[in-house]
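Taking numbering that gives the first Met the number 0, the leading residue of the sequence shown gets 0, the next gets one more, and so forth. Below is one structure; the comments refer to it alone.
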Amino acid sequence: MQTLHERHGFYTLNRALRQLDLGLARVPDLASTRPAVAALREKVTAAHAAHEDVREQRIAASAEIAYYDEEIDFAVVTAGQTLYLQCGRDRGAPAYKKLFPVSPSQMTSDLASPRQETYVTAMVDTIRKDDAYAALRPVADQLAGWTDQLRQAQERRRGLYVQEAQA
0 MQTLHERHGF YTLNRALRQL DLGLARVPDL ASTRPAVAAL REKVTAAHAA HEDVREQRIA
60 ASAEIAYYDE EIDFAVVTAG QTLYLQCGRD RGAPAYKKLF PVSPSQMTSD LASPRQETYV
120 TAMVDTIRKD DAYAALRPVA DQLAGWTDQL RQAQERRRGL YVQEAQA
């Protein structure tokens with residue numbers, strides 16, 4: 000019989016409990032302990048299922064974050080291209096530099112990072128406050144919506160990481 004340790008996972012533990020249960024069935028004097036072993040096996044299986052459920056939710060939240068990040072990236076690049084054309088294809092124009100101190104691709108190079116959030120939030124605020132960027136306000140509204148949804152998904156995923164660690 001295998002000695003179980005804390006490092007052993009669900010499958011090893013489940014296999015050992017199944018083997019113990021089958022072994023107890025062959026010994027009449029020990030058959031009365033089978034219900035306790037079966038209950039323990041059910042408890043371990045339920046805990047594993049709960050852990051897997053939380054893990055799947057966390058993976059789904061990660062996919063949701065990637066989706067929102069892509070939408071934000073696309074909107075930032077679109078705003079950059081639009082403003083580039085409005086500025087006469089001059090990336091050195093003050094109006095362009097004010098909104099894009101770095102290139103749109105640099106703004107969005109990270110996956111949902113605090114740096115990206117800082118750039119996007121500043122960009123949205125500038126577009127909303129400065130009338131020179133009135134044509135970009137629909138994009139700013141989209142960006143604000145995507146950013147809010149991204150934050151909510153990140154918060155949900157943080158909670159799921161905690162639940163996964165505790166499951």
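Positions of the beta carbon are idealized from the N, C-alpha and C atoms, including for glycine. Since the model is a prediction, treat every value here as computed from it, not as a measurement.
Between the beta-carbon of residue i and the beta-carbon of residue j, is there less than 9 Å?
| i | j | result |
| --- | --- | --- |
| Arg17 | Arg33 | no |
| Leu23 | Val43 | no |
| Arg57 | Leu135 | no |
| Asp68 | Gln115 | yes |
| Leu110 | Ala78 | no |
| His47 | Phe9 | yes |
| Leu98 | Thr120 | no |
| Glu163 | His50 | yes |
| Met106 | Val138 | no |
| Gln151 | Glu70 | no |
| Pro103 | Gln80 | yes |
| His4 | Ala15 | no |
| Ala94 | Tyr132 | yes |
| Lys96 | Arg90 | yes |
| Val123 | Ala92 | no |
Taking the alpha helix (DSSP H) that residue i falls in, what are its first and last residues?
| i | result |
| --- | --- |
| Arg155 | Arg136 to Gln165 |
| Gly22 | Phe9 to Ala24 |
Give me the Cβ distance between residue i and residue j, rounded to the nearest whole Å; I'm assuming they're in contact under 8 Å.
| i | j | result |
| --- | --- | --- |
| Ala166 | Val26 | In fact, because the Cβ distance is near 34 Å, the residues do not count as touching under 8 Å. |
| Ser61 | Arg156 | 6 Å |
Task: Start-end ranges of the alpha helix (DSSP H) lying completely within the stretch 76-119, minimum 4 residues - done: 93-98 and 103-106
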